[in-house]
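Working notes, structure below.
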DNA sequence: TTGAAAGCGCTAACAA
DNA sequence: TTGTTAGCGCTTTCAA
């Protein structure tokens, strides 16, 4: 025997107080006598009252909704590919659970960044949902069209994986340090000719990672010329092309730092095709640490991004912002991990 | 300080008509003169008007929200495990995109099925969101506590992977046929002692798959005694235990049908530990076809579930239902695929 | 074919 | 510390 819908009115009647008092109680506002608070809470429990999100949004200023914006093409491609990604899963793990803790919901939304109508798409989502905050995933946080729009609309937002100053909360790992750590890992293993495959230029972190590699090479007193750098775009194909040229020629590299797992996997294939042993002849280390790193042969050593932690932090900051863009956009830097697996090893004595 | 928003009022003023007329236009209702319709649409386009979901829910009966209910523990475990799942991703792929097509949103929600408060958790989500429909994922569709609750609350729901008659739309693949196909695949390869590892009893499909195996064995004129059946619960550990006993003893099996990938992977490990070649000494076939099947060594032959298609169909049916539980709960049966990889092969001559 | 009025369930601003 | 009064932006009667 279930009621049709229990509203704040029913609770007020049951507790013998006004609507406003009930509202205060469910919003944990001060200025409610303990005795009254108790009565209202009892009524809420008895009737199984849960406030309607839609009504709260209508009356007040908050919607209790956080919007997570992801790149449509890339996400769908990931879902349809055989490889499996866990970017989305980790986002949900971190973001959804944090939202749930605070009575918020996270709505996952795909937007087509490349189309001329990014602004329209995002504006529409905002008009429709009136989210209290927006989580921007790479490379959206680096897209001024988007960040400017959100600033103008005064919707608080968090940029995941975007370290720039700018508006909105910046939540990222230290990409340069991570690339340096990856490079250093190889240096420690005795490598001196360490190639680097960049990610797409669209991502600011692509440049930052390259800088990290340069820094580590310099610190180790190694040459870091352009002959060791290849431009990739995160795709398998670009990784393969990059690896091809790095391992051929008069001065082949003995190790490669790839800016993501797909490109590292491509390097692995190239090595196999050429009869190069991994890590015997070629060490490979990558960024992201998606599931494929664990199942490739050999498993890939990789830099793991704290995606869940970043999403969680983003949600937290946005919820704290209570719908108002923060004046002081703080930057959170979360720790990365270097997961050593079997694709990296000591350089050959005859290297 | 409220955020500037274009409302139906502005559109009405711009087009010189009443609110109702605008409402009719955006809801594609009849009885609007073409000329007026055009004027309103022009105003909508000019002002960039997008109706507010919250307001639509408040005024009318629909919320434009579809709730996807997933098992909390299992989902979080999948996210946290190293393996990577793609159940959630495929759900989003199918469900979200279909919802988006119709101006709906899909909200992904985790519920703790095992706790005594399932009813409270689900009732709360419904009270809060007033979804127009709910997608139940396994094993929720087989849980009478949940299906009865939703029936009582008159919220339309779709059961994914649940074939029973009952209330709500049933959307599933033919589990028995799939298990039979998997078994048959092995029979064709010359196997006669084919073991079967079941899934958790909590899932109705566990029983159905077992029946499919029995059917195929019988059809092939093979013995299908209980000595060939082991009870698993979808975990790696249970799969390992099951495989252990199937490959040992006086009459070891030459092939195993495992009810999910994790258990198949466990069987693979058991084979390796015992020095059994796969598929030379032991063929393994599994259900689900998550990413791990593609990266294990050898890659696993598996039955792929049409998860995205099922989620898409579920969303479609619920949207069509327009918030009213359908009288005739139709059942959709979607096709599965057998993906042949390297873990199954001909039985040894001396087998 | 159109429009006017009455809410939906809640919160913000103000009174008491 | 509590209650009262307006709306929020839409859809749903119902009337014209």
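Chains as they are written, first to last, in the numbering used here: chain Y, 1 to 351; chain E, 352 to 702.
Glycine included, every Cβ here is placed at the ideal spot set by N, Cα and C.
Here the structure is a predicted model, which means the values were calculated and not measured.
Proximity of residue i and residue j at Cβ, strictly below 8 Å
i	j	result
residue 703 of chain E	residue 456 of chain E	Chain E is shown from 352 up to 702; residue 703 of chain E falls before or after that span and cannot be answered.
residue 48 of chain Y	residue 474 of chain E	yes
residue 191 of chain Y	residue 293 of chain Y	no
residue 665 of chain E	residue 459 of chain E	no
residue 663 of chain E	residue 446 of chain E	yes
residue 52 of chain Y	residue 361 of chain E	no
residue 239 of chain Y	residue 220 of chain Y	no
residue 217 of chain Y	residue 242 of chain Y	no
residue 549 of chain E	residue 580 of chain E	yes
residue 461 of chain E	residue 421 of chain E	yes
residue 307 of chain Y	residue 87 of chain Y	yes
residue 141 of chain Y	residue 152 of chain Y	no
residue 346 of chain Y	residue 189 of chain Y	yes
residue 176 of chain Y	residue 215 of chain Y	yes
residue 364 of chain Y	residue 161 of chain Y	What is shown of chain Y runs 1 to 351, which leaves residue 364 of chain Y out entirely.
residue 485 of chain E	residue 418 of chain E	yes
First through last residue of the beta strand (DSSP E) which encompasses residue i
i	result
residue 133 of chain Y	133-136
residue 301 of chain Y	301-304
residue 508 of chain E	508-511
residue 461 of chain E	456-462
Distance between residue j and residue i (C-alpha atoms, nearest Å)
i	j	result
residue 661 of chain E	residue 523 of chain E	7 Å
residue 339 of chain Y	residue 21 of chain Y	53 Å
residue 507 of chain E	residue 27 of chain Y	31 Å
residue 337 of chain Y	residue 234 of chain Y	20 Å
residue 353 of chain E	residue 132 of chain Y	Because residue 353 of chain E carries a pLDDT of 37, less than 50, the predicted location of this residue cannot be relied on, and no value is offered for it.
residue 333 of chain Y	residue 621 of chain E	43 Å
residue 632 of chain E	residue 640 of chain E	22 Å
residue 319 of chain Y	residue 33 of chain Y	27 Å
residue 401 of chain E	residue 470 of chain E	35 Å
residue 351 of chain Y	residue 278 of chain Y	Because the pLDDT at residue 351 of chain Y is just 43, under 50, the model does not fix this residue reliably, and the value given afterwards should be weighed accordingly. Cα to Cα, residue 351 of chain Y sits roughly 14 Å from residue 278 of chain Y.
residue 224 of chain Y	residue 193 of chain Y	8 Å
residue 181 of chain Y	residue 201 of chain Y	22 Å
residue 588 of chain E	residue 331 of chain Y	43 Å
residue 63 of chain Y	residue 406 of chain E	12 Å
residue 196 of chain Y	residue 74 of chain Y	23 Å
residue 582 of chain E	residue 624 of chain E	21 Å
residue 396 of chain E	residue 205 of chain Y	37 Å
residue 686 of chain E	residue 525 of chain E	7 Å
residue 203 of chain Y	residue 145 of chain Y	14 Å
residue 603 of chain E	residue 561 of chain E	19 Å
residue 381 of chain E	residue 375 of chain E	7 Å
residue 409 of chain E	residue 564 of chain E	51 Å
Residue i - containing alpha helix (DSSP H), residue span
i	result
residue 77 of chain Y	72-80
residue 616 of chain E	612-624
residue 373 of chain E	370-377
residue 338 of chain Y	Taken as a continuous stretch (DSSP letters only), residue 338 of chain Y belongs to no alpha helix (DSSP H), being part of the beta strand (DSSP E) at 337-339.
residue 150 of chain Y	144-153
residue 390 of chain E	385-398
residue 90 of chain Y	87-91
residue 234 of chain Y	Neither: residue 234 of chain Y is in no alpha helix (DSSP H) and is coded neither H nor E.
residue 188 of chain Y	175-188
residue 627 of chain E	Counting along the chain, residue 627 of chain E falls outside any alpha helix (DSSP H), and DSSP gives it neither H nor E.
residue 568 of chain E	555-570
residue 317 of chain Y	307-321
residue 29 of chain Y	Where residue 29 of chain Y is concerned, there is no enclosing alpha helix (DSSP H), given that its DSSP letter is neither H nor E.
residue 361 of chain E	359-366
residue 96 of chain Y	Run containing residue 96 of chain Y: none; DSSP gives neither H nor E here.
residue 469 of chain E	469-480
residue 60 of chain Y	From DSSP, residue 60 of chain Y is part of no alpha helix (DSSP H); its letter is neither H nor E.
Opposing strand residues paired with residue i [DSSP bridges]
i	result
residue 682 of chain E	E:521
residue 256 of chain Y	Y:195, Y:284
residue 580 of chain E	E:547
residue 68 of chain Y	Y:108, Y:135
Next on the checklist: Closer than 8 Å is the cut-off here; do at least three beta carbon pairs connect the region 645-659 of chain E with the region 675-683 of chain E?
Outcome noted: Result no; under three Cβ-Cβ pairs closer than 8 Å.
Checklist entry - Does the pairing of the region 255-266 of chain Y with the region 281-288 of chain Y give three or more beta-carbon distances under 8 Å? => result Taking 8 Å as the limit for Cβ pairs, the verdict is that the region 281-288 of chain Y does touch the region 255-266 of chain Y.
Next on the checklist: Across the region 32-52 of chain Y and the region 82-102 of chain Y, are there enough close Cβ pairs to call them in contact, namely three or more that are closer than 8 Å?
Outcome noted: Because the criterion of three Cβ pairs below 8 Å is not met, the region 32-52 of chain Y and the region 82-102 of chain Y do not touch.
Next on the checklist: Whether or not the region 444-452 of chain E and the region 112-121 of chain Y are in contact is what I'm after, with contact meaning three or more pairs of Cβ atoms, one per stretch, closer than 8 Å; do they touch?
Outcome noted: In this structure the region 112-121 of chain Y does not lie against the region 444-452 of chain E, because fewer than three pairs of beta carbons, one per stretch, are closer than 8 Å.
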